[in-house]
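Enquirer: First, the structure itself, so that you have it in front of you.
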Amino acid sequence: MAISNYDIVMDIGCGSGRVTSLIDCRLRCEQIMAIDIDMRAIKFAQKNYPSPRIRYQVLDISLPWDKLDPVIRKYENQVDLIISNRVLHWIEDKNLAVQNIYRLLKPGGMCYSNVTTLLDLFTDLTQDERDKFSELIVIPSENEQKEQLRTLFEKNKFNIHWIELLHLQQLYPKDEFRSNVLPYFPNLTKKYLIEKDPIKRNSIMASGLSDYVKNAFLRLYSREIIEANGIPDKYELTYGQIRIIIQK
Numbered sequence: 001m002a003i004s005n006y007d008i009v010m011d012i013g014c015g016s017g018r019v020t021s022l023i024d025c026r027l028r029c030e031q032i033m034a035i036d037i038d039m040r041a042i043k044f045a046q047k048n049y050p051s052p053r054i055r056y057q058v059l060d061i062s063l064p065w066d067k068l069d070p071v072i073r074k075y076e077n078q079v080d081l082i083i084s085n086r087v088l089h090w091i092e093d094k095n096l097a098v099q100n101i102y103r104l105l106k107p108g109g110m111c112y113s114n115v116t117t118l119l120d121l122f123t124d125l126t127q128d129e130r131d132k133f134s135e136l137i138v139i140p141s142e143n144e145q146k147e148q149l150r151t152l153f154e155k156n157k158f159n160i161h162w163i164e165l166l167h168l169q170q171l172y173p174k175d176e177f178r179s180n181v182l183p184y185f186p187n188l189t190k191k192y193l194i195e196k197d198p199i200k201r202n203s204i205m206a207s208g209l210s211d212y213v214k215n216a217f218l219r220l221y222s223r224e225i226i227e228a229n230g231i232p233d234k235y236e237l238t239y240g241q242i243r244i245i246i247q248k
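As C-alpha cells, this is what we get:
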C-alpha cells in the first residue's frame, strides 16, 4: 500500500485477536483499534493477545452511525488503514457497514478487505433438483459476488485500487475440519436464502439444507489426504475468496 507508517489502524471483525496481533507485529503504527460484535471473542483477544498499542472493543459496525459507541465515533476521519478479514460476508446490512468505514477513514485512507465467496453447491444436480433448490435459495456466481462487492464500495464513494477473485486450498486436521470448518458453510449459505425472517431461515436450514450444504462441500470441494501409513487424517478444502483494496 502507498502508506508505510500509520497513526491509527482499525481491525474490523477482529475475532480471537490473532490477526490483530500479526498487524501489531508487522505494521508500524501508533495504535490499533480492534472491534468485534462478539463479546466472548473480545474477552479472548484481551486475554490472549494483549498489547500496549491494541484496544479491543465490542461493537457492531453495521449499526447506524449515531448508534455507534462514542469511543468509535471519535475516530471519524482519523483512521489511516482499516483491515477487515473474512467479515463482510457475515453482515446483513453491508451498506451501513461500508458507510461507517468511509466515515472512519481519513481522506486518502486505505481499506483492505477479503470475503469468502459461496461456491456453486448444486453443480452436479439435475436441472429438476436445481429448480427445487432455487425456490429456497439464490446463490450468485462468483463473478457476480465479486461485482456486487465492487459496486458496494463504488456507490459509497470509494476508489477501487485492486480487486481479485481467488480459489484457495487449505489443509485441516480431520477432526477440526468436521467439527469447526464444515459448520461454517451452512451459516454462510443461510445468508443467501430468499426467506429473510431469521426464525424461518433457521427452520429451513434445520429441515435438511444444512446437512446438504455440508455434504456438498465434502463431495465437491474437499478431499481426504492419505498419509504414508494409509490413514486419512487431513482434509484439503477448496474455497473462494475476494480480496479488495480501496481508498477514500
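The opening position of the sequence shown corresponds to residue 1 in full-length UniProt numbering, with each subsequent residue numbered one higher.
Ideal placement from N, C-alpha and C gives every residue a C-beta, glycine not left out.
It should be emphasised that the depicted structure is a prediction, and the values quoted were computed from it without experimental measurement.
Who does Lys234 pair with in a DSSP beta bridge?
Expert: Answer is Pro173 and Ile225, bridged to Lys234.
Enquirer: Have a look at Lys132 and Asn229 and give me their C-alpha separation to the nearest angstrom.
Expert: If I take the Cα positions, the gap works out to 43 Å.
Enquirer: Decide yes or no for the touch test of the stretch 71-85 against the stretch 3-12: beta carbon pairs closer than 8 Å, at least 3 of them.
Expert: Short answer: they touch.
Enquirer: Just to confirm, is the Cβ distance from Phe153 to Ile242 under 8 Å?
Expert: No, they are not a contact pair.
Enquirer: Can you find at least 3 beta carbon pairs, one from the stretch 82-94 and one from the stretch 43-50, that sit closer than 8 Å?
Expert: No: the two stretches stay apart, fewer than three of their Cβ pairs being nearer than 8 Å.
Enquirer: Could you compute how far the alpha carbon of Lys214 sits from the alpha carbon of Gln148?
Expert: Cα to Cα, Lys214 sits roughly 25 Å from Gln148.
Enquirer: Hey, Glu236 and Leu171: beta-carbon distance below 8 Å or not?
Expert: Yes.
Enquirer: Could you tell me if Ala216 is buried or exposed, where buried requires 16 or more neighbouring beta carbons within 10 angstroms of its beta carbon?
Expert: Buried.
Enquirer: If I measure Cβ to Cβ from Gly15 and keep anything under 7 Å in the same chain, skipping five residues before and after, which residues do I get?
Expert: So the qualifying residues of the chain are Asp36 and Ala41.
Enquirer: Can you tell me the Cα-Cα spacing of Leu218 and Pro183, whole angstroms?
Expert: Each residue's Cα considered, the two are about 12 Å apart.
Enquirer: Considering only residues of the same chain and omitting the five flanking positions on each side of His161, which have a CB-CB separation below 7 Å?
Expert: Cβ neighbours of His161 beyond the five flanking positions: Ile245, Ile246 and Gln247.
Enquirer: Excluding the 5 residues preceding and the 5 following Val71 in the sequence, name in chain order all residues of the same chain whose CB lies nearer than 7 Å to its CB.
Expert: Only Gln57 meet the Cβ criterion.
Enquirer: What do you get for Asp128, buried or exposed, if any count of 16 or more other CB atoms within 10 angstroms of its CB means buried?
Expert: Under this definition Asp128 is an exposed residue.
Enquirer: Within 10 angstroms of the Cβ of Ala2, are there 16 or more other Cβ atoms? Answer buried if so, exposed if not.
Expert: Note that Ala2 has pLDDT 44, beneath the 50 cutoff, so the model's placement of it is unreliable and no number is given.
Enquirer: Does DSSP put Glu195 in a helix, in a strand, or in coil?
Expert: Looking at Glu195 - three-state DSSP - the assignment turns out to be coil, as it is neither helix nor strand.
Enquirer: Give, in chain order, every unbroken run of the alpha helix (DSSP H) that is at least 4 residues long and sits entirely within the stretch 119-171.
Expert: As far as the stretch 119-171 is concerned, its whole alpha helix (DSSP H) runs of at least 4 residues are 127-134 and 142-154.
Enquirer: Can you give me the Cβ contacts of Leu27 inside the same chain, cut-off strictly under 8 Å, excluding the 5 residues immediately before and after it?
Expert: Around Leu27: Tyr6, Val9 and Leu81.
Enquirer: Excluding sequence positions up to five away, which residues of its chain have a Cβ less than 8 Å from the Cβ of Asp38?
Expert: Cβ within range, chain order: Gly15 and Val58.
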